[in-house]
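Chains S and H are the protein sequences, given in the same order.
For the first sequence, my numbering gives the first residue as 1, with consecutive numbering after it.
For the second sequence, my numbering gives the first residue as 1001, with consecutive numbering after it.
Beta carbons are placed, not taken as given, at the ideal position from N, Cα and C, and that holds for glycine.
Here is the structure we will look at, set down as structure tokens.
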Amino acid sequence: MSERAAPIFLKFLRPDKNFPTVWCEGCGIGIILGAIIRAVEGLGIDPSEVAMISGIGCSGRMPVYVDFCTMHVTHGRALAVATGLKLARPHMKMIVVMGDGDALAIGGNHFIHAARRNLEMCAIVVNNMTYGMTGGQFSPTTPTGDPSYTSAYGSIEPTFDIPALATAAGASFVARTTVYHVMEMQKIVARALAKKGFSAVEVISNCHTYYGKMTGMKTAVEMLNWMKESTAPVTLDEHRREGKVPRGVLLDRARPEYGESYERLLKTAREDKARLLTAGFPVP
Amino acid sequence: MSVPARGVPSSSSDASMATVGLPPAGDAASLATSERHGGPGTSRTRFWDGNRACAEGALMAGLRFYAGYPITPSTEIAEYLSWRLPQEGGVFIQMEDEIASVAACIGASQGGMKSMTATSGPGFSLMQENIGLACMTEIPLVVVNVQRQGPSTGQPTRPSQGDLMQSIWGTHGDHPVIVVSPSSVQEMLTLTVRAFNLSERFRTPVILLTDEIVAHMREKLELPAEASVERWERRTPEVPAHRYVAYAETDDGVPAMASFGVDGYRYHVTGLFHDPHGFPTVAAPQIEAWMRRAFRKIEQHLDLISDWELTTPEQVFGPPDRGAALSAIAAYDTLLVSYGASARTAEASLKRSIERGLRACSLRLQTVWPLDEAFISALLACVSRTFVIEMNRGQMLREIARLASGRSKVQGVLRFDGEMVMPSTVLDAMLAAP
């Protein structure tokens, strides 16, 4: 192991947890975990102040390996749990990792409302275009026409554009990247974590075990090459991007953050109680 | 009427104050007399509906986080807390649905805040999965179910007790849970405090199972003095963070709970079966060990958890007077069993039955789960006839019949059409049966 890697490994991975990880060889989720760890390290955040909350699926297995305050909750509900924890402990950083199905199918409603509220948290959607943990069924991001274990004749469903959904719902920071583009991903995750608002980062990842195998990309390397070839920086003009999926920071705007709005509400409420008591109205 | 600024309610917003039945900003005289209190500042007597008493009881117990979704007939709890909870520095949030409400409560409770949500049948059904998560992760949580007639949309504005078994078994898998059922507005306050105390002490979800009658009726209640309210807190770890074992076997079955964001405690919380460190496991011995401890922590403490009242014409018995209650019941041949709103029916029925010369007494269950089976069986063995009064098709009835094991004739006086069981119906049943 390189000298540069060792300290981060020792500092951030749980020493008493069994390794190797539960993921397949070549799975992109490990790369995402590395980027998150390096972003937290780079921002100098105390691990005790970081909560990583996941839903169900292969991405859901991420938090157990890392020495933060970690929660592995019910399918689709991680953002709602994070909402509660963030409001109880506003000083903590919330990193919410979800798969494409967890975030956008069963969790779609909570994704929309978390973006709408704009409570500060960083949502990372691991988009591998499949339900991997359950064996390769299609998801709301599986490209139309692709076969899967529940689309034997090919999916007839249109897909979500995750950044467009997050933007329309009200997110402050929206980005898309892939597990091939590791350096870009790390910078994006760091910006997303530092953003005072709801950040949504889509990370295209490889499930070569299921999605790739069924669509002619049987290995991790083939899928990584596909990510390289089929995406292009959003900063390139559209002509040069030529129909490729745009990646990079797609939105970064200032919007009222829910926590700050709530602090003002608390002040109003306290003053209201004082006014009532002064006027002789008993509270309660 | 001014329109409140977006996201921030104006203190002069007549609309928001009117919603919770309170006077708008105005002259002091109207404020002081508007609710006809005993006098400004000193009297603790109130005339409230059950929902409001529940909400204020929660605050007295230390509630600091409420996440909920409106649903008849529980909505008043949310409305009142949207006004009161921020006044006490707490967090009120209306979530997008009931599923998110329990999820947010779980997050906040893990962060150290006492948390509650309130709902009714359809919402309670939605909440089941996450209630199971709270059981598995042993995160304290209070869920109020103001029962209405079901199934499905049912009768939103009419009472029932149809969710008793759902409160106990609603979430999948074998799991322990505590369910308490108030019968008066005063109890909506005191049993809510109890619900929080049990939840924190035993690290378990507690269901406050009430109904549209108790929730919406108005009665006189006494607000206890703040200092006199007994608050039980979750046990915090005595070892530093690096030596903390989140789900350790302990004598009483309840592990100490470290809150996230406090003193550097970091550990893994998961809905998967886990070892004492919180790491997922599929090893059968560890799964069995968790199951044993999870049930032990409740069953070993029935004396602390089980609340009941036995009323005879002479006396009222409660815990810890089990022995005295068992002696007293020997003089009677008929027992009424009830909980929640039906206990009011039982109370009236008992009075009338005594006037008619029947030798009857009444058992009111405040804790409807777990049941102190040994005690209840012993009571049932002393009487020849038992009548279970409830607004469902016989949910507690089946439990009582099971516990009687044939030693007492157990019958139900049931009603499940959105109306209360009438005392006259109970009396007819008592007079008719041999």
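- For H/PRO1159, the enclosing beta strand (DSSP E) starts and ends at 1155-1159.
- Taking 7 Å as the cut-off, the beta carbon of H/VAL1091 is found closer than this to the beta carbon of S/LEU87.
- Only residues of its own chain outside the window of five on either side were considered, and among them GLN1147, ARG1148, GLN1149, GLY1150, ASP1211, MET1391, ASN1392, PHE1416, GLY1418 have a CB closer than 7 Å to the CB of H/SER1160, listed in chain order.
- Annotation for H/PHE1202: the continuous alpha helix (DSSP H) segment containing it runs 1185-1202.
- Collapsing the DSSP output to three states places S/HIS208 in a helix.
- Contact of S/PRO246 with chain H is not assigned, every C-beta pair being separated by 7 Å or more.
- The three-state reading of DSSP puts H/ASP1333 in coil, since its state is none of H, G, I, E or B.
- Those residues of the stretch 1104-1131 of chain H placed with their C-beta closer than 9 Å to a C-beta in chain S are ALA1104, CYS1105, ILE1106, GLY1107, ALA1108, SER1109, GLN1110, GLY1111, GLY1112, MET1113, SER1115, GLU1129, ASN1130, ordered along the chain.
- Just so you know, the alpha carbons of H/LEU1358 and H/MET1291 end up roughly 46 Å apart.
- H/VAL1180 has a beta carbon lying at 7 Å or more from every beta carbon in chain S.
- Restricting attention to beta strand (DSSP E) runs no shorter than 3 residues, the stretch 165-213 of chain S encloses them at 173-178, 198-204, ordered along the chain.
- Our two residues, S/GLY132 and H/ALA1215, have alpha carbons roughly 46 Å apart in a direct line.
- By the Cβ-count criterion, H/GLN1315 is exposed, with fewer than 16 other Cβ atoms from all chains shown falling within 10 Å of its own Cβ.
- Contacts between S/LYS17 and chain H, judged by CB atoms closer than 9 Å, involve HIS1268, HIS1277, PHE1279 in chain order.
- H/ASN1130 sits in a helix when the DSSP states are folded into three classes.
- About 5 Å separates the Cβ atoms of H/SER1167 and H/LEU1209, confirming a contact at the 8 Å cut-off.
- Within the stretch 108-122 of chain S, ASN109, HIS110, HIS113 place their CB atoms closer than 7 Å to a CB of chain H, listed in sequence order.
- Residue nearest to S/ALA105 within the set S/LEU10, S/GLY197, S/MET129 is S/MET129 (criterion: CA-CA distance).
- Within chain H, the residues placing a beta-carbon under 8 Å from that of S/MET92 are GLY1111, PHE1260, GLY1261, ordered along the chain.
- The stretch 4-21 of chain S and the stretch 36-43 of chain S touch, with no fewer than 3 CB-CB distances between them shorter than 8 Å.
- If you ignore the 5 residues before and after S/ALA82, its C-beta comes within less than 6 Å of the C-beta of ILE53, MET94, VAL96, MET121, all in its own chain and listed in chain order.
- Here DSSP, grouped into helix, strand and coil, assigns H/TRP1048 to strand.
- Beta-bridge partners assigned by DSSP to H/LYS1220: H/PHE1047.
- For H/PRO1086, the C-beta contacts it makes with chain S under 7 Å involve LEU265, LEU266, ALA269, in order along the chain.
- At a Cβ-Cβ threshold of 7 Å, H/ALA1134 and H/ILE1099 do not count as neighbours.
- Between S/PHE198 and S/ASN127, the C-beta spacing is not below 7 Å.
- For S/ILE36, the CB contacts under 7 Å within the same chain, skipping 5 residues up- and downstream, are ILE95, VAL189 in chain order.
- At a cut-off of 7 Å between C-beta atoms, S/VAL64 counts as an interface residue with respect to chain H.
- Along the stretch 1390-1416 of chain H, there is no position whose C-beta sits under 9 Å from a C-beta of chain S.
- In this model, H/THR1312 and H/ILE1400 are separated by some 19 Å (Cα to Cα).
- Annotation for S/TRP226: the continuous alpha helix (DSSP H) segment containing it runs 220-230.
- Assignment of H/VAL1142 by DSSP, reduced to helix, strand and coil, places it in the strand class.
- Taking the CA atoms as reference points, H/VAL1179 sits about 14 Å from H/GLY1162.
- Within chain S, the C-beta atoms nearer than 9 Å to that of H/GLU1056 come from PRO284, in chain order.
- A straight-line Cα-Cα distance of about 20 Å links H/GLN1366 and H/THR1119.
- The distance from the Cβ of H/ASP1372 to that of H/LEU1304 is about 11 Å, inconsistent with a contact at the 8 Å cut-off.
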